[in-house]
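Since the structure comes first, as structure tokens, the remarks are kept for the end.
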Amino acid sequence: MASSVEVHRSLYAEDALSLYLGISTSDSLDYQRSAAASFSAMSQSEEGRLMMKKDGISAVLRLCSHADQHVRRNAVCAVANLAASPETRQYIALKGGVEVIRFASAANSDVDFLRDAARTMSSLAVDTAIREAMVSQEVPKALSKLAKSADSETQRFASLALCNLCVGTQKQKESIVQQGVLRILLFILRYPDLEIERRASLAIAALSLGSDENRIQIVGSGFVRSLLEATSYPDLKLRHFALLALNGLVLSTDPKTKHHVAQENGISSLLSVLKSCKDDESVHACIYLLGSLAENVDILKAIIDMDSFLPLVVQKLEHAESIETKRSAAYFLALVSEYPEYHRRLQEANALKSAVALMSLVDEESQYYGSFALALLAKNKSFQVPLTKMGAVRPLVSAMHSNARHWAALALLKLADNFNNHITIAEEGGIQALLQSQGAGVTVANLAKRAFDDLCRKT
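If you want the working numbering, it's the 1-based position in the sequence shown plus 716.
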């Protein structure tokens, strides 16, 4: 009867849970089995879960440690169903469900039981408050064991639970790494199951964000090569997640992580990804990663020395659908423009036109990077007239009223070094804008100082 949704509704209306609670404590094994099976069936409907929300949870958690295998299976199935509902998740934690499931999963070898135990933990780990309790009670250790199960569903739920747990505070992330999960994550990252590989990549991405300590350990454990290999997979999600993980690693303040990616032939791998990927998410993640790597002078040189990179980034910038991709490409071009020795390469890649186009975007961050790049490119005397002919003056004048005003003003002054640009600057209102913005003391020196002070505040 308990398997019928209509019966659930009737029982819920009559508050008849006490009938099942009574037989769950009976001395008869058959009665206990019937109670556990009934709880399992009830937990599949919303009415049944609401009915079990308080008193029923304590009963099913108690039955999870029962000596009989059939009782345990049905009980943990009920808990897994209850944990899937946000309304009942907190009650499971309050009744000590985290410790019960962790202990029971360590004491059981039954495949069906462990599958639902892993499913329970994957649902509980979604909740921020419960996640903290799970980490402190060393649930990641239990999940590491389940992730090596011969049962594919158990592996999938365990990897999902680990992935969910890794999205926590810095303290929680470092505690998870200290519990020895990196070895199992490296194992499942190479496992021939896309769902599991995706979750392992996301877990590494989460663990690396916000913790230099974790980044160093992840790099030292040999993840970089596996993640770079994953970027060549045809599966779009796995490729994207692997790129996110690599991004998390190179954001470290320690330059070792960037160098390690470069040493593992990462630059060539990223070039291959950029050439082959069509989806905007992967393109964005790839160019963002390039920008982070290019903050290191030696790695930037290695990137520029590969002739295909700059034209490809410019091409991706021109055809990008999302503003995030445009911002990432703009940041990369701004970094390259800092070095006069690369200006010719930028010109050959048609990057000057792209820098001007960035100023016309209705996006403050893109305009900032565009102004930064133009201010540095305009110092090159051979670029001053071409940039003006490309239409750089008008958007620079408009940017004089934005956060990029110092760089925009510096770019205008450098363009004005060439008398051929004077008329255009005057016609576009550049002289008036400079005087209004900076006053009578406008010079390249004080504009440069203000621009760099502004940059320091932003970083």
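Note that beta-carbon positions come from the ideal geometry of N, C-alpha and C, so glycine has one too.
Handout entry: Secondary structure of Y1004, DSSP reduced to three states
Key = When DSSP states are grouped into helix, strand and coil, Y1004 belongs to the helix group.
Problem - Residues of its chain near S750, where Cβ-Cβ distance is below 7 Å and the 5 sequence neighbours each way are ignored - result: Cβ neighbours of S750 beyond the five flanking positions: I739.
Practice task
Would you check if the distance between the CB atom of R914 and the CB atom of A858 is smaller than 9 Å?
Solution key: Remark: C-beta atoms of R914 and A858 do not approach each other more closely than 9 Å.
Practice task
Grab me the residues of L1074's own chain with a C-beta within less than 6 Å of its C-beta, minus the 5 sequence neighbours each way, in chain order.
Solution key: For L1074, the CB contacts under 6 Å within the same chain, skipping 5 residues up- and downstream, are A1046, S1082 and G1086 in chain order.
Handout entry: Beta-carbon proximity check, D996 vs R1043, cutoff 9 Å
Key = No; because the gap between Cβ atoms is not below 9 Å, this pair is not in contact.
Problem - Which of helix, strand or coil DSSP assigns to L881 - result: L881: helix per DSSP, three-state reduction.
Practice task
Kindly indicate the opening and closing residues of the alpha helix (DSSP H) around K857.
Solution key: Segment V855 to L862, the alpha helix (DSSP H) holding K857.
Exercise for the section: Check each candidate in K887, V977 and R1061 and name the one with the smallest Cα separation from T947. Expected result: A check of alpha carbon separations from T947 across K887, V977 and R1061 identifies V977 as the nearest.
Handout entry: Boundaries of the alpha helix (DSSP H) in which A1142 is found, first to last residue
Key = Per DSSP, A1142 belongs to the alpha helix (DSSP H) from H1138 to E1143.
Exercise for the section: Return yes when the C-beta of I1147 is under 8 Å from any heavy atom of the ligand MN, and no when it is not. Expected result: Absent from the structure shown: the ligand MN. Ligands present: none.
Exercise for the section: With DSSP as the reference, label N956 as helix, strand or coil. Expected result: The question names Asn, but residue 956 is His in the sequence shown. Assignment of H956 by DSSP, reduced to helix, strand and coil, places it in the helix class.
Handout entry: CA-to-CA distance, E890 to A783, given in whole angstroms
Key = One C-alpha to the other measures close to 37 Å.
Practice task
Grab the span of the alpha helix (DSSP H) containing T741 for me, first residue to last.
Solution key: Segment: none, T741 is in no alpha helix (DSSP H) and carries neither H nor E.
Problem - Run of the alpha helix (DSSP H) containing V1101, from where it starts to where it stops - result: That run of the alpha helix (DSSP H) goes K1097 to K1105.
Problem - First through last residue of the alpha helix (DSSP H) which encompasses T969 - result: Run containing T969: none; DSSP gives neither H nor E here.
Practice task
In the DSSP assignment, find the unbroken alpha helix (DSSP H) run with N930 in it and report its ends.
Solution key: Here the alpha helix (DSSP H) through N930 covers D928 to G936.
Exercise for the section: Assuming A1124 contacts A1115 (C-beta within less than 8 Å), just tell me the rounded distance between them. Expected result: The Cβ separation is near 4 Å, so the contact holds.
Exercise for the section: Taking 9 Å as the cut-off, decide whether the C-beta atoms of G812 and V795 are in contact. Expected result: Not closer than 9 Å, so no.
Handout entry: Straight-line gap, L1051 to E1011 (C-alpha atoms, nearest Å)
Key = Between L1051 and E1011, the C-alpha separation is close to 7 Å.
Exercise for the section: Please name the residue in H1000, V855, Y1084 and A1127 whose C-alpha comes closest to that of T1041. Expected result: When the alpha-carbon of T1041 is set against those of H1000, V855, Y1084 and A1127, the nearest one is in H1000.
Practice task
Return the CA-CA distance between L1068 and G1007, expressed in angstroms with no decimal places.
Solution key: L1068 and G1007: Cα-Cα distance of roughly 18 Å.
Practice task
Answer with buried or exposed for I846, where buried requires no fewer than 16 other C-beta atoms within 10 angstroms of its C-beta.
Solution key: Buried is the call here.
Exercise for the section: Using beta-carbon positions only, say whether E854 and Q886 come within less than 9 Å of one another. Expected result: No.
Practice task
Report the option in I932, Y1004 and L954 whose CA atom is closest to the CA atom of P908.
Solution key: Checking every option, the nearest Cα to that of P908 belongs to L954.
Practice task
Verify whether the separation of the beta carbon atoms of S984 and M1022 is less than 9 Å.
Solution key: S984 places its beta carbon less than 9 Å from that of M1022.
Practice task
Can you say whether L745 is buried or exposed, counting buried as having 16 or more other CB atoms within 10 angstroms of its CB?
Solution key: That one is exposed.
Problem - Backbone secondary structure at Q895 - three-state DSSP - result: Secondary structure at Q895: coil, using DSSP grouped into helix, strand and coil.
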